[in-house]
Structure formats: C-alpha cells, structure tokens
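Enquirer: Below is the structure I would like to discuss, written out as structure tokens.
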Amino acid sequence: MTALLLALLLVGPIQPVTYQWTLAPVPEPPAVPPPNWVPFRLDELAVTVRATETAFVWSAAYYRIAGRPELGWVSWRAPIPASFAAGQYRQLVFEIPYVDYAPGPILFAVWQDCGDGRMDYQGGFIPRLGQTLAPPFDAMPFSALSAGSFCPAYTPPTAIFSDGFETGSLRAWSALGAAGLGGEG
340 MTALLLALLL
350 VGPIQPVTYQ
360 WTLAPVPEPP
370 AVPPPNWVPF
380 RLDELAVTVR
390 ATETAFVWSA
400 AYYRIAGRPE
410 LGWVSWRAPI
420 PASFAAGQYR
430 QLVFEIPYVD
440 YAPGPILFAV
450 WQDCGDGRMD
460 YQGGFIPRLG
470 QTLAPPFDAM
480 PFSALSAGSF
490 CPAYTPPTAI
500 FSDGFETGSL
510 RAWSALGAAG
520 LGGEG
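Right, here's the structure in full:
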C-alpha cells in the first residue's frame, strides 16, 4: 500500500498519451524563383496529454535550427495555455518547420505555476517522423514526462543577499548613508 501511495505521489499531473506528426506538402516553386529560394513548410505536431488532477499549464514545442547551434532551442509560436480538469484529455497542436530546416528531436515542455511564485517545468523529447531518439535525447523521451511531480517541496534560503535587507537589518545600507553614498540629494 505504501509503495502505491509513493508511486501516486511521484506521478506528474500531466501524463503523456500520444503524439502524431502531419507533414505539410512541399510548396511549389514560384514561376520565377529567386536564386536563393528554398521551399519552406510548417509540419504539425499534435500531442495528446491527460491530467491526473486539475491543472493550468503552459506548453510549447522547441526545436533547433540546422547550422545555428548558437540559437539554442526555439519555438515557432508562443507557449499554449491549457486548463485541465482531473482526468481530462487534451490535444495540443504545434507548428514545427520541416525537417531540413529543423532536424532532430522536438522538446515538448510543460510549465505549471506552483502557487508560491515559482514555475516548475517538465519535458520530453519527441523524435521526428521515421527517426528514433539518439543520445543524449533518449534519456528524456516523451514518455518520461510522467516521471516526477510538479512543484517539489522547496525550502527558501534565509537570506538571498548579504546586505541583510530580508532579515530587517539595514546596517549595510545605513553605513552607505553615513558615508554620503546613499544617493540623497
């Protein structure tokens, strides 16, 4: 019984169900294509998830642009807000540039507001159609989204800054004022 309760606590509120790719047709070139014309299309990634509890989350799909590692992980659109009732299934649809522009896996990410000012997130990689996840992406597949829980317990530090402002001691600030560095006047 204890193992079952522990397993339920370790399950995230958003559970992965399935994903599906829809590839857009390759666009026809214009009648007189410019010399640097490259066909561009947006493929569609539909992700179905289920909520184990009532939740409000933000979700996004990130990809890397070929030949531009300095840009990191980017998204075509802003994150999608989604409200869930306990047990509800939702399909979230994202636009992803075609495979030649953005090769490799897609990072599906979900954020949840913890209620204490923090945002917690989880994510999992989704392979392109006809591909498999290669290392290091295979360590965090889409199915791993259900591992762990959102908003784990957090003990804030007693003081973030060394000036004592959080604890009510303003000695460091009063010393600046006494030295004429307090910014008066």
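The working numbering puts the first residue of the sequence shown at 340, with every later residue one more than the last.
Note that beta-carbon positions come from the ideal geometry of N, C-alpha and C, so glycine has one too.
#1: May I ask you to report which of helix, strand or coil DSSP gives serine 485?
#2: In three-state DSSP terms, what is alanine 390?
#3: Taking just the CA atoms, how far does phenylalanine 423 sit from tryptophan 360?
#4: Can you find at least 3 beta carbon pairs, one from the stretch 410–420 and one from the stretch 467–476, that sit closer than 8 Å?
#5: Could you tell me whether the stretch 447–456 touches the stretch 384–397, where touching means 3 or more Cβ pairs closer than 8 Å?
#6: Taking the beta carbon of aspartate 411 as the centre, do at least 16 other beta carbons fall within 10 Å, making it buried, or is it exposed?
#7: Please classify valine 413 as buried or exposed, where buried requires at least 16 other C-beta atoms within 10 Å of its C-beta.
#8: Give every residue of the same chain whose Cβ lies closer than 7 Å to the Cβ of leucine 343, excluding the five residues on either side of it in the sequence, and list them in chain order.
#9: Along the beta strand (DSSP E) that carries arginine 429, what are the first and last residues, could you check?
#10: Excluding five sequence neighbours on each side, which residues of the same chain lie with their C-beta closer than 7 Å to the C-beta of valine 281?
#11: Straight-line CA distance for proline 368 to asparagine 375?
#12: On the DSSP letters alone, give me the boundaries of the beta strand (DSSP E) that proline 355 sits inside.
#13: So tyrosine 401 and isoleucine 445 are in contact, right, with Cβ under 8 Å, and what is the actual spacing, rounded?
#14: Residue range of the beta strand (DSSP E) that isoleucine 419 falls in?
#15: What does DSSP give as the partner residues of tryptophan 376 in its beta bridges?
Expert: Straight from the coordinates:
#1: For this step, residue 485 is matched to residue 146 along the sequence shown. Serine 485 falls in the helix class under three-state DSSP.
#2: Mapped onto the sequence shown, residue 390 falls at position 51. Alanine 390 falls in the strand class under three-state DSSP.
#3: Position 21 of the sequence shown, counted from the start, is the residue given in the question as residue 360. Position 84 of the sequence shown, counted from the start, is the residue given in the question as residue 423. So the two alpha carbons sit approximately 23 Å from each other.
#4: no
#5: yes
#6: If you number the sequence shown from 1, residue 411 lands on position 72. It should be noted that the sequence gives glycine, not aspartate, for residue 411. Answer is exposed; the Cβ neighbour count stays below 16.
#7: As a position in the sequence shown, residue 413 is number 74, starting the count at 1. Exposed is the call here.
#8: Residue numbering aside, residue 343 sits at position 4 when the sequence shown is read from its first letter. Any reading at leucine 343 must be qualified, since the residue scores a pLDDT of 36, below 50, and its modelled position is unreliable; the value itself is stated next. None.
#9: Start at 1 with the first residue of the sequence shown, and residue 429 comes out as number 90. Taken as a continuous stretch (DSSP letters only), the beta strand (DSSP E) holding arginine 429 covers 428–436.
#10: Summary: the structure shown does not reach residue 281, with the chain confined to residues 340 through 524, and so no result is reported for it.
#11: For this step, residue 368 is matched to residue 29 along the sequence shown. For this step, residue 375 is matched to residue 36 along the sequence shown. Straight-line Cα distance between these residues: approximately 11 Å.
#12: By one-based count along the sequence shown, residue 355 stands at place 16. Its beta strand (DSSP E) spans residues 353–361.
#13: On the sequence shown, position 62 is the one that residue 401 refers to. On the sequence shown, position 106 is the one that residue 445 refers to. Yes, tyrosine 401 and isoleucine 445 are in contact; Cβ-Cβ is about 7 Å, under 8 Å.
#14: Within the sequence shown, residue 419 is the residue found at index 80, counting from 1. Run containing isoleucine 419: 419–423, per the beta strand (DSSP E) assignment.
#15: Position 37 of the sequence shown, counted from the start, is the residue given in the question as residue 376. Bridge partners of tryptophan 376: none, in fact.
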